[in-house]
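What follows is one structure encoded as structure tokens, with my remarks underneath.
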Amino acid sequence: MSDQPWTIERICGALGSPTLSQCFLGEINKAPAHELLHVFAKWERIAKDTVAAVERGREIAAAEARGEEPPGEWIDVTDRVLADAARIRSRGAA
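Add 228 to the 1-based position in the sequence shown for the working numbering, that's all there is to it.
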């Protein structure tokens, strides 16, 4: 991760989505002066989390491309997901 300071421009770029960037810009532009730091900090955290998730995804993809198990601790929740899906279907959901 870069040691560059977080700026409005850097946050927009890190969000990776024009829609998210527009949400951020809308919030930061409409925030009263006393809330600017709070809004900036909120979106800085979102941008950092997004960058970390992208890096993690790339690590996983690289491991799978090498034929390795994805790094990290993985919990198999297949049974829970199948049970949830069955419960939802039983209520008449499509």
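A virtual CB, placed ideally from N, CA and C, is assigned to each residue, including glycine.
A Cβ-Cβ separation of about 16 Å leaves Ile239 out of contact with Glu263 under the 8 Å criterion. When the Cα atoms are used, Ala314 and Val305 turn out to be separated by approximately 14 Å. Fewer than three beta-carbon pairs drawn from the region 280-293 and the region 255-262 are found closer than 8 Å, and the two stretches are therefore not classed as touching. The three-state secondary structure of Asp307, taken from DSSP, is helix. Ala261 and Gly244 have their C-alpha atoms spaced approximately 26 Å apart.
In the three-state scheme derived from DSSP, where H, G and I count as helix and E and B as strand, Trp234 is classed as coil. Counting the other CB atoms within 10 Å of its CB gives Ser318 a total below 16, which places it among the exposed residues.
Burial is judged here by how many other beta carbons sit within 10 angstroms of a residue's own beta carbon; Ala311 has fewer than 16 and is exposed. Taking Trp302 as reference, the option from Gly295, Ile288 and Thr278 with the minimal CA-CA separation is Ile288.
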